[in-house]
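A short worksheet on the structure shown next.
Below, the structure written as structure tokens:
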């Protein structure tokens, strides 16, 4: 389980190796994404609080990167933080997320990105629920949910 100390170490000393890498040109990303997805994932934008489609979704499934389909988070670790963005306590795999010290807007935060394609996802904070104490605050536009199929015994 990742802790705040792990996050800080990654943001300062380097990130875990991803399983794979995907690089595209800005033009290729523009062709693939909606304008809002492009603004958020490729230009480090953010959506307005409580506006994202995945804020109130609580269906079983995996949340994947909108840009490259890399699984990022599982619905079992999603929680209602009251912040207006989907929140999670841990990534699906330790190397799914890339961490970067963000000093924009006069504050120090830790930006989280897809470790496969460098898509901006949001930020992580040390004010989440136990046991990890982490809150990954993620833009809905940067993810899609792949819902779990419920087996009916067939």
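Residue numbers (full-length UniProt numbering): 1 to 154. Ideal Cβ placement from N, Cα and C applies to all residues, glycine included.
#1: So, helix, strand or coil for residue 111, using DSSP?
#2: Given that a residue counts as buried once 16 or more other Cβ atoms are within 10 Å of its Cβ, and exposed if not, what is residue 108?
#3: Based on the DSSP output, what are the partners of residue 74 in its beta bridges?
#4: Which term fits residue 1, buried or exposed, when burial requires 16 or more other beta carbons within 10 angstroms of its beta carbon?
#5: Which residues share a DSSP beta bridge with residue 137?
#6: When you compare only the Cα positions, how much space is there between residue 17 and residue 72?
#7: Keeping to the same chain, check which residues put their C-beta closer than 6 Å to that of residue 111; ignore five residues upstream and five downstream.
#8: To the nearest angstrom, report how far apart residue 21 and residue 97 are at their CA atoms.
#9: Under three-state DSSP, which class holds residue 44?
#10: With a 10 Å radius around its C-beta and 16 neighbouring C-beta atoms as the bar for buried, classify residue 120 as buried or exposed.
#11: Residue 35 to residue 64, Cα distance in whole Å?
#12: Expressed to the nearest angstrom, what Euclidean distance is found between the alpha-carbon atoms of residue 55 and residue 7?
#13: Alpha helix (DSSP H) containing residue 147: first to last residue?
This is what the structure holds:
#1: For this step, residue 111 is matched to residue 111 along the chain shown. In the structure shown, residue 111 sits in a strand (DSSP, three-state: E or B).
#2: For this step, residue 108 is matched to residue 108 along the chain shown. Residue burial annotation: residue 108 is exposed, with fewer than 16 other C-beta atoms found within 10 angstroms of its C-beta.
#3: One-based indexing of the chain shown puts residue 74 at position 74. According to DSSP, which records beta bridges pairwise, residue 74 is partnered with 62.
#4: On the chain shown, residue 1 is found 1 positions in, with the first residue counted as 1. Residue 1 is exposed by the Cβ-count criterion.
#5: Locating residue 137 in the chain shown gives position 137, counting from the first residue. In the DSSP output, where bridge partners are listed per residue, residue 137 has 87 and 123.
#6: Indexing the chain shown from 1 puts residue 17 at position 17. Indexing the chain shown from 1 puts residue 72 at position 72. Straight through space, the alpha carbons of residue 72 and residue 17 are spaced by roughly 15 Å.
#7: Within the chain shown, residue 111 is the residue found at index 111, counting from 1. Residues 100, 102 and 123 of the same chain have their beta carbon placed closer than 6 Å to that of residue 111, with the five preceding and five following residues left out of the count.
#8: By one-based count along the chain shown, residue 21 stands at place 21. By one-based count along the chain shown, residue 97 stands at place 97. Near 12 Å, if we compare the C-alpha coordinates of residue 97 and residue 21.
#9: Along the chain shown, one-based indexing puts residue 44 at 44. If DSSP states are grouped into helix, strand and coil, residue 44 belongs with coil.
#10: For the purposes of this step, residue 120 is taken as residue 120 along the chain shown, with counting starting at 1. Buried, by the Cβ-count rule.
#11: As a working note, residue 35 is residue 35 in the chain shown. As a working note, residue 64 is residue 64 in the chain shown. Whole-angstrom Cα-Cα distance: 19 Å.
#12: For this step, residue 55 is matched to residue 55 along the chain shown. For this step, residue 7 is matched to residue 7 along the chain shown. C-alpha separation (whole angstroms): 24 Å.
#13: Start at 1 with the first residue of the chain shown, and residue 147 comes out as number 147. Element bounds for residue 147: not the alpha helix (DSSP H) but the beta strand (DSSP E), 143 to 147.
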